[in-house]
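For reference, the structure is listed below as structure tokens.
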Amino acid sequence: MRLNQLLSILYQLSVIVDLYLLHRTLDHRLLIKNEQFESDLEYELYLARESLLAIVLPPAR
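Numbering follows the working numbering, in which position 24 of the sequence shown is assigned residue number 27; successive positions increment by one, without gaps.
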């Protein structure tokens with residue numbers, strides 16, 4: 004049982020790290036400022052990142 008809990012926590016941490024790396028990969032300021040995306044893939048990645056960050060991170064105050 005404890006091993007399953009540890010693996011679950013490690014998986015959740017890896018998801019958070021992946022989200023952080025995705026966030027750092029995209030130039031958030033440029034995308035928002037220009038409201039332009041060079042490709043559909045870039046736009047889809049932006050939407051996915053925003054959706055996942057909204058789930059994982061608390062709202063900014």
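Every residue gets a Cβ at the ideal spot worked out from N, C-alpha and C, and that includes glycine. Small disclaimer: the values here were computed from a predicted structure and weren't measured.
- Annotation for residue 54: the continuous alpha helix (DSSP H) segment containing it runs 43 to 59.
- Cβ-Cβ distances below 7 angstroms link residue 59 to 19, 22 in the same chain, with the five nearest sequence neighbours on each side left out; the list follows chain order.
- The C-beta distance from residue 26 to residue 6 rounds to 31 angstroms, too long to meet the 8 angstroms contact threshold.
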